[in-house]
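Chains as they are written, first to last, in this note's numbering: chain L, 63 to 226; chain B, 2 to 82.
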């Protein structure tokens, strides 16, 4: 049995839909806290420990502080990891917690472990060092300028005069 | 046998649909009346061996169990109130 052909939009409606979805995705992206950090940790783990993939799922929701008496917690396994953050934290607190929990995930895989008695301090050290580097990035006009798109709009057509 | 100090008021259990789903899972795994350690082991059969770290430390077995339950519920797409 063949699958039914999905409905399609005409060109103008397709264009409008793509613009609408761009706005939706952009708004969501502003909520993707420490996305580059989490991607970098995923990459590091897959490279260093020979994995095909290692997803880190971030969940921000109310009730974390109430139920676990902690601003955040992490849950690494051999094939994925979760980070849970309380929704009531401000943006900076959330980002610092993510950085802190990221080190716990890295620690899970390290063949030589950190001092277990002071692991929380060590995770704080990592979080502070990482966030300090993030802060340096945002305060560097050259870094910010390098992130700007120099040539918009793009055109994906082959042999187009202007293309990305 | 592991000695556990369980204070339910400190780590609230899940309720509603989430509680029903966990009850079903534990019943299938034959640990419905089991210890915290047995329930953790039952969840590890589904999630894989895991570690749990809470910001600031002070993890307890019941916090670890509740975290494993939360991950299980999330993976099963069961809403938590």
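Glycine is no exception: its CB is placed at the ideal position from the N, C-alpha and C atoms. These numbers were taken from a predicted model, which means no experiment stands behind them.
Quiz item: Sorted by chain position, which residues of the same chain lie with C-beta nearer than 6 Å to residue 19 (chain B)'s C-beta, five sequence neighbours on each side aside?
Solution: Locating residue 19 (chain B) in the second chain gives position 18, counting from the first residue. So the qualifying residues of the chain are 74, 79 and 81.
Practice problem: Can you tell me which of the three DSSP states residue 94 (chain L) falls into? | Solution: Here the question's residue 94 (chain L) lines up with position 32 in the first chain. Residue 94 (chain L) falls in the coil class under three-state DSSP.
Quiz item: Straight-line CA distance for residue 184 (chain L) to residue 93 (chain L)?
Solution: Start at 1 with the first residue of the first chain, and residue 184 (chain L) comes out as number 122. Start at 1 with the first residue of the first chain, and residue 93 (chain L) comes out as number 31. Rounded to the nearest angstrom, the two C-alpha atoms are 27 Å apart.
Exercise. For residue 296 (chain L), count neighbouring C-beta atoms within 10 Å of its own C-beta (all shown protein chains included) and say buried if the count is 16 or more, exposed if not.
Key: No answer is possible for residue 296 (chain L): it lies beyond the span of chain L, which begins at 63 and ends at 226.
Quiz item: Is the beta carbon of residue 120 (chain L) less than 9 Å from the beta carbon of residue 150 (chain L)?
Solution: Position 58 of the first chain holds residue 120 (chain L). Position 88 of the first chain holds residue 150 (chain L). The Cβ-Cβ distance between residue 120 (chain L) and residue 150 (chain L) does not fall below 9 Å.
Quiz item: Which two residues bound the contiguous beta strand (DSSP E) that contains residue 188 (chain L)?
Solution: Counted from its first residue, the first chain places residue 188 (chain L) at position 126. No beta strand (DSSP E) holds residue 188 (chain L); the alpha helix (DSSP H) holding it covers 181-200.
Exercise. Taking 9 Å as the cut-off, decide whether the C-beta atoms of residue 167 (chain L) and residue 143 (chain L) are in contact.
Key: In the first chain, counting from the first residue as 1, residue 167 (chain L) sits at position 105. In the first chain, counting from the first residue as 1, residue 143 (chain L) sits at position 81. Contact: yes.
Quiz item: Using the rule of at least 16 other Cβ atoms within 10 Å of the residue's Cβ for burial, across every protein chain shown, is residue 63 (chain B) buried or exposed?
Solution: Locating residue 63 (chain B) in the second chain gives position 62, where the first residue counts as 1. Residue environment: residue 63 (chain B) is assigned as buried (16 or more neighbouring CB atoms within 10 Å of its CB, all protein chains considered).
Self-check item: Start and end residues, alpha helix (DSSP H) containing residue 148 (chain L)
Solution: Walking along the first chain from the start, residue 148 (chain L) turns up at place 86. Residue 148 (chain L) -> not in any alpha helix (DSSP H); beta strand (DSSP E) instead, spanning 143-148.
Quiz item: Tell me which same chain residues have a C-beta within less than 8 Å of the C-beta of residue 35 (chain B), skipping the five on either side of it?
Solution: Position 34 of the second chain holds residue 35 (chain B). In its chain, beyond the 5 residues on either side, 27 and 43 have a beta carbon closer than 8 Å to the beta carbon of residue 35 (chain B).
Exercise. Per DSSP, which residues does residue 137 (chain L) bridge with? Please list them.
Key: The residue given as residue 137 (chain L) occupies position 75 in the first chain. Beta-bridge pairing by DSSP links residue 137 (chain L) to L:144.
Exercise. From the DSSP output, read off the bridge partner residues of residue 51 (chain B).
Key: Here the question's residue 51 (chain B) lines up with position 50 in the second chain. Partner residues in the beta bridge of residue 51 (chain B), as assigned by DSSP, are L:139.
Quiz item: Buried or exposed: where does residue 70 (chain L) fall if 16 or more other Cβ atoms within 10 Å of its Cβ makes it buried?
Solution: Residue 70 (chain L) sits at position 8 when you count from the first residue of the first chain. Looking at its Cβ environment, which holds fewer than 16 other Cβ atoms inside 10 Å, residue 70 (chain L) is exposed.
Quiz item: Is there contact between the region 40-58 of chain B and the region 123-138 of chain L, where contact requires at least three CB pairs shorter than 8 Å?
Solution: The answer is yes - the region 123-138 of chain L touches the region 40-58 of chain B, with three or more Cβ pairs under 8 Å.
Practice problem: List the endpoints of the continuous beta strand (DSSP E) containing residue 122 (chain L). | Solution: The residue labelled residue 122 (chain L) in the question sits at position 60 within the first chain. 118-123 is the extent of the beta strand (DSSP E) around residue 122 (chain L).
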